[in-house]
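Data first, discussion second: the structure below is written as structure tokens.
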Amino acid sequence: MLDPVLHSFLRCPHHPDSELLLDEQGTSIELRCRECGRLYPVREGIPNMLDPRSAEAGHLEKEAQQWDTQASGYDVRREDPQYMAGASAVARALAAKPGEWILDSGCGTGLTLGAFFKPGMRVIALDLSVQSLLQLRHANPDPGIMLVQGDISQLPFKNGAFQRVLCANAIQHLPQAEIRERCIRELARVAAP
Numbered sequence: 044m045l046d047p048v049l050h051s052f053l054r055c056p057h058h059p060d061s062e063l064l065l066d067e068q069g070t071s072i073e074l075r076c077r078e079c080g081r082l083y084p085v086r087e088g089i090p091n092m093l094d095p096r097s098a099e100a101g102h103l104e105k106e107a108q109q110w111d112t113q114a115s116g117y118d119v120r121r122e123d124p125q126y127m128a129g130a131s132a133v134a135r136a137l138a139a140k141p142g143e144w145i146l147d148s149g150c151g152t153g154l155t156l157g158a159f160f161k162p163g164m165r166v167i168a169l170d171l172s173v174q175s176l177l178q179l180r181h182a183n184p185d186p187g188i189m190l191v192q193g194d195i196s197q198l199p200f201k202n203g204a205f206q207r208v209l210c211a212n213a214i215q216h217l218p219q220a221e222i223r224e225r226c227i228r229e230l231a232r233v234a235a236p
């Protein structure tokens, strides 16, 4: 099942101005781009918005597998005082309020999200790693948190969708300056003016 509110935010990363069609056949759910016909599967309520035909697909798949293998023990390894102080600083700077739509891009297992999230907030948490997203769901099953598998440098959301946008401890993992710059442009594109 796909949350209808989440569906309203999602777009093909190549066509952010066009809504996605929902195709349900038995237990299979896919989103289809009206413009290019690309299909995006939904598993366990998590849309996979990665494009297997992109030039970076091989790199993204390897990167996702690496983070998938680390997901179950990631929080324990990262709960050092310096990392958690950074998460607290991000939470204060974000100044998120209940009722706002917030994008946590590159959310991982949700350590930073845990520092700012309060009931009544509406967060779309995006990460490359499905296992990290499942870990986040297990740690914080609040229905105000919706999960999306995607690429932080090619965001699958409509323009101006979020009142608050953050990307903490993720951009430095991108392999090239050009991709990091594209990520910044994408974060700005999905932020409300």
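First residue of the sequence shown? That's 44 in the working numbering, and the numbers climb one at a time after it.
A virtual CB, placed ideally from N, CA and C, is assigned to each residue, including glycine.
| query | Would you call residue 275 buried or exposed, if buried means 16 or more other Cβ atoms sit within 10 Å of its Cβ? | reply | Since the displayed the chain opens at 44 and closes at 236, residue 275 lies outside it and no answer follows.
Should the segment 95-114 be regarded as contacting the segment 171-182, the criterion being three or more beta carbon pairs within less than 8 Å? Contact between the segment 95-114 and the segment 171-182 is present, because at least three Cβ pairs lie under 8 Å.
*asked:* Looking at the secondary structure, which residues open and close the alpha helix (DSSP H) in which residue 128 lies?
replied: 124-137
- Do you know how far the Cα of residue 225 is from the Cα of residue 197? 8 Å
- Item | Reduced DSSP secondary structure (H/G/I, E/B, other) of residue 47 | Per DSSP, reduced to three states, the secondary structure at residue 47 is helical.
**Q.** Three-state secondary structure (DSSP) of residue 190
**A.** strand
Practice item. Count the other CB atoms, across all protein chains shown, that sit within 10 Å of the CB of residue 176; report buried if there are 16 or more and exposed otherwise. Key: Its Cβ being crowded by 16 or more others within 10 Å, residue 176 is buried.
*Cβ-Cβ separation, residue 97 to residue 76 (assumed contact under 8 Å), whole Å*: Incorrect: roughly 13 Å between the Cβ atoms, too far for contact.
Fill in: Whole-number beta carbon distance between residue 56 and residue 194, since they are thought to touch under 8 Å
Right, their Cβ atoms sit about 7 Å apart.
Ignore the nearest five residues each way along the sequence and tell me which others in residue 202's own chain have a CB closer than 8 Å to its CB. 59, 60, 232, 233
Looking only at its chain, what residues have a beta carbon closer than 7 Å to the beta carbon of residue 91, apart from the 5 residues adjacent to it on each side? 83, 84, 192.
DSSP has residue 165 in a bridge; who is on the other side? 144
Check: Quick one, which of 73, 149, 144, 66 has its alpha-carbon nearest residue 52's?
Finding: It is 144.
* Alpha carbon to alpha carbon, how far is residue 187 from residue 204? Give it in angstroms, no decimals. => Within the model, the alpha-carbon separation for residue 204 versus residue 187 is close to 16 Å.
Practice problem: Would you tell me roughly how many angstroms separate the C-alpha atoms of residue 184 and residue 152, rounded to the nearest one? | Solution: 12 Å
Would you please state the rounded distance, in angstroms, between the beta carbons of residue 46 and residue 189? I believe it to be under 8 Å. 6 Å
Out of 112, 182, 44, 159, which has the shortest C-alpha to C-alpha gap to residue 129? 159
When 210, 180, 161 are compared against residue 140, the one with the closest alpha-carbon: 161
Exercise for review: Would you kindly report the start and end of the unbroken beta strand (DSSP E) that includes residue 64?
Suggested key: 58-68
For residue 233, which beta-bridge partners are listed by DSSP? According to DSSP, which records beta bridges pairwise, residue 233 is partnered with nothing at all.
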